[in-house]
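Everything in the sequence shown is counted per the working numbering, starting at 16 for the first residue and increasing by one. We treat Cβ as the ideally placed atom computed from N, Cα and C, and that holds for glycine. Quantities reported herein were computed from a predicted structural model and do not represent experimental measurements.
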Amino acid sequence: GIVFYIASPPADLDGDGELDTGLVCAIKNQTTIQWYNGTPVQTSATGILIGTGASNTTQIINSHGNAVLPETYAAGLARAYVGGGYNDWFLPSWYELEGIFTNREAINTAATADGVEGDVFPEFSYYWSSTEINVDNAKQMYFYNGSSQTTDKGNTLWVRAVRAF
């Protein structure tokens, strides 16, 4: 992954009880996918701050149960990601996603240096956060200009998994 946030001082950013140095995002997008598994449910994944993405992701997955493959919705896809040999990835909270947006040029430069071809953030792209608004909507960000938007969970947007280190 590529570092986009440094915690000062170190903090538990993934809820595992251990202090973390910061957050990294996956070197490239996973895919476009809907936020939920097709069944609208209230997940209570309302954390927006840095350090709430992992718990939001767990709440979303727990709310959807094991009835469907986890790779069929955003939080499940992020959790299933195993980039770099790690299996503790999650869908970023709203402020975590904002951190990726703020550092997107540095992330793009690092990804290119690591062999990823082209722009790692497609122009005019929308990304899911793990922050739920209500039973039908979740927060997303338009990476063209960083605008915050609420959108229907059935829309298909990009997923960029993150993890603490």
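- Counting C-beta pairs closer than 8 Å gives three or more between the stretch 136-150 and the stretch 45-63, which meets the contact rule.
- For residue 43, the CB contacts under 6 Å within the same chain, skipping 5 residues up- and downstream, are 131, 135 in chain order.
- Within the DSSP bridge table, the entry for residue 155 names 143, 164 as partners.
- Here DSSP, grouped into helix, strand and coil, assigns residue 38 to strand.
- Around the Cβ of residue 91, a 10 Å sphere holds 16 or more other Cβ atoms; the residue is buried.
- In this chain, the beta strand (DSSP E) harbouring residue 178 covers 177-179.
- Beta-bridge pairing by DSSP links residue 172 to 48.
- The C-alpha of residue 137 is placed about 11 Å away from the C-alpha of residue 157.
- Contact between residue 39 and residue 66 does not hold, since their C-beta atoms are separated by about 14 Å, which reaches or exceeds 8 Å.
- Put simply, of 69, 154, 24 the residue whose alpha carbon is nearest the alpha carbon of residue 166 is 154.
- Straight through space, the alpha carbons of residue 96 and residue 51 are spaced by roughly 17 Å.
- Residue 48 and residue 174 do touch by the CB rule: their CB atoms are close to 6 Å apart, below 8 Å.
- By the Cβ neighbour-count rule, residue 105 is buried, with 16 or more other Cβ atoms within 10 Å of its own.
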